[in-house]
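K.L.:
Under UniProt numbering, the sequence shown has 121 at position 121, and the numbering climbs by one with no breaks. All C-beta atoms, glycine included, are put in the ideal place defined by N, C-alpha and C.
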Amino acid sequence: VVKDISAIKDALEFLGNGKIDIYAEKWVPFKAEISVIVARNHLGETVAYDAVETRQENNVCRIVVAPPSFDLPEAVREEAQRVAMKAIDAIGGIGIFAIEQFWVGQNTVLVNEIAPRPHNSGHFSIEANVTSQFEQHIRAVAGLPLGDVSMRVGAAAMINILGSSTAEGTTEMMRPALTVPGAKIHWYGKTPNTLGRKHGHITVTAPSMTELRRRLVMLGEPLDADDKDKTKTG
Numbered sequence: 001v002v003k004d005i006s007a008i009k010d011a012l013e014f015l016g017n018g019k020i021d022i023y024a025e026k027w028v029p030f031k032a033e034i035s036v037i038v039a040r041n042h043l044g045e046t047v048a049y050d051a052v053e054t055r056q057e058n059n060v061c062r063i064v065v066a067p068p069s070f071d072l073p074e075a076v077r078e079e080a081q082r083v084a085m086k087a088i089d090a091i092g093g094i095g096i097f098a099i100e101q102f103w104v105g106q107n108t109v110l111v112n113e114i115a116p117r118p119h120n121s122g123h124f125s126i127e128a129n130v131t132s133q134f135e136q137h138i139r140a141v142a143g144l145p146l147g148d149v150s151m152r153v154g155a156a157a158m159i160n161i162l163g164s165s166t167a168e169g170t171t172e173m174m175r176p177a178l179t180v181p182g183a184k185i186h187w188y189g190k191t192p193n194t195l196g197r198k199h200g201h202i203t204v205t206a207p208s209m210t211e212l213r214r215r216l217v218m219l220g221e222p223l224d225a226d227d228k229d230k231t232k233t234g
């Protein structure tokens with residue numbers, strides 16, 4: 001991300017000094033980043049999961065919250081689903097897709113990226129939804145009826161386990177997860193340990209957003225800075 005004109009030179013050097021083609025986009029001010037998982041089969045049947053909140057750290061997805069932890073108006077949720085399904089219908093895609101979007105205000109969303117695969121923003125569905133994104137993908141490509149996309153818990157969060165400078169540091173957050181109610185560890189078995197690489201994820205489910213926040217504090221991953229204080233006084 002180039003935040004001002006003085007950083008353009010360094011950015012160009014980092015990207016190869018003109019040796020490769022560069023695609024640049026204007027920065028879009030936004031209120032929040034959201035994502036919608038869409039499945040489509042060969043008959044054109046399309047279903048969309050509810051919009052979720054995504055939080056980035058160093059341009060990498062760090063946390064996904066379902067439903068969003070902030071007040072996302074129902075009209076925006078419906079528009080995000082409509083735009084996502086329209087995008088996949090337009091390209092004739094078959095399978096599971098993640099349509100990452102910016103909520104820029106009022107009822108307006110902009111598509112940021114389309115990922116043609118099971119995606120980080122849908123991993124929570126393994127524990128939280130009637131039909132996970134992985135099962136849904138198999139249903140879609142095999143020509144089977146698409147499954148129920150509704151959540152079977154009140155709230156869920158997915159936290160990526162990103163590579164630290166050491167393997168021990170990378171696995172450090174898994175230990176507290178063993179004692180958090182509703183927490184499930186997914187370890188990918190990638191080698192070698194690499195700084196910033198997605199080595200796994202932890203999903204935490206709860207009957208409500210309030211309880212999810214409490215459990216994330218137990219995990220050491222509070223959604224907001226004041227969640228710890230709210231937990232102590234609540």
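#1: On the three-state DSSP scale, how would you describe L219?
#2: So I159 and I94 are in contact, right, with Cβ under 8 Å, and what is the actual spacing, rounded?
#3: Determine which residues share a DSSP beta bridge with N160 and list them.
#4: Should the region 64 to 80 be regarded as contacting the region 112 to 126, the criterion being three or more beta carbon pairs within less than 8 Å?
#5: Can you give the Cα-Cα distance for V2 and L43, rounded to whole angstroms?
#6: Between A157, A51 and A142, which lies nearest to R213 when the distance is taken from Cα to Cα?
#7: Whose C-alpha, out of R197, A183 and F97, is nearest the C-alpha of E113?
#8: Across which residues does DSSP place I114 in a beta bridge pair?
#9: With hydrogens ignored, establish whether the beta-carbon of R213 is closer than 7 Å to any heavy atom of the ligand FAD.
#10: From V52 to I22, what does the alpha carbon distance come to, in whole angstroms?
#11: Three-state secondary structure (DSSP) at I94?
#12: Taking just the CA atoms, how far does A206 sit from D227?
#13: Where do the ends of the alpha helix (DSSP H) carrying V141 lie?
#14: What three-state label does DSSP hand T170 in the structure shown?
#15: Could you tell me which of A11, G189, S208 and E100 sits nearest to M151, measuring between CA atoms?
#16: Can you tell me where the alpha helix (DSSP H) with E45 in it begins and where it stops?
#17: Can you look up A128 in the DSSP assignment and give me helix, strand or coil?
#18: Secondary structure at E25, three-state DSSP: helix, strand or coil?
#19: Check each candidate in G169, L216 and I91 and name the one with the smallest Cα separation from I99.
#20: Assuming A84 and A48 form a contact by the criterion Cβ under 8 Å, report the distance between their Cβ atoms to the nearest whole angstrom.
P.N.:
In short:
#1: By 1-based counting over the sequence shown, the position of residue 219 is 219. Looking at L219 - three-state DSSP - the assignment turns out to be helix.
#2: The residue you call residue 159 lines up with position 159 of the sequence shown. The residue you call residue 94 lines up with position 94 of the sequence shown. Actually they are not in contact, since the Cβ atoms of I159 and I94 sit about 30 Å apart, beyond 8 Å.
#3: Against the sequence shown, residue 160 aligns to sequence position 160. Paired residues: H201.
#4: yes
#5: On the sequence shown, residue 2 is found 2 positions in, with the first residue counted as 1. On the sequence shown, residue 43 is found 43 positions in, with the first residue counted as 1. Taking the straight line joining both Cα atoms gives about 43 Å.
#6: As a first step, residue 213 must be located in the sequence shown, where it is residue number 213. It is A157.
#7: Looking up residue 113 in the sequence shown gives position 113. Among R197, A183 and F97, the Cα nearest to that of E113 belongs to F97.
#8: Taking the sequence shown and counting its residues from 1, one reaches residue 114 at position 114. Bridge partners of I114: I99.
#9: The ligand FAD is not part of this structure, which contains no ligands at all.
#10: Locating residue 52 in the sequence shown gives position 52, where the first residue counts as 1. Locating residue 22 in the sequence shown gives position 22, where the first residue counts as 1. Approximately 30 Å between the Cα atoms of the pair.
#11: In the sequence shown, the residue the question calls residue 94 occupies position 94. Three-state result, I94: coil.
#12: As a working mapping, residue 227 is identified with position 227 in the sequence shown. As a working mapping, residue 206 is identified with position 206 in the sequence shown. Taking the straight line joining both Cα atoms gives about 16 Å.
#13: Sequence index remark: in the sequence shown, residue 141 carries index 141 (1-based). V141 -> alpha helix (DSSP H) spans Q133 to V141.
#14: Reading the sequence shown from its first residue, position 170 is the one you call residue 170. Here T170 sits in helix by DSSP.
#15: Stepping through the sequence shown from its first residue, residue 151 is reached at position 151. Ranking the options by Cα distance to M151, first place goes to S208.
#16: Working through the sequence shown from its first residue, we reach residue 45 at position 45. Per DSSP, E45 belongs to no alpha helix (DSSP H) and is neither H nor E.
#17: The count along the sequence shown starts at 1 and reaches residue 128 at position 128. Three-state result, A128: helix.
#18: Along the sequence shown, read from residue 1 onward, the residue named residue 25 stands at position 25. E25: coil per DSSP, three-state reduction.
#19: Taking the sequence shown and counting its residues from 1, the one referred to as residue 99 is at position 99. Looking at the Cα atoms, I91 is the closest of the given residues.
#20: Within the sequence shown, the letter at position 84 stands for residue 84. Within the sequence shown, the letter at position 48 stands for residue 48. Right, the Cβ-Cβ distance comes to about 5 Å (below 8 Å), so this counts as a contact.
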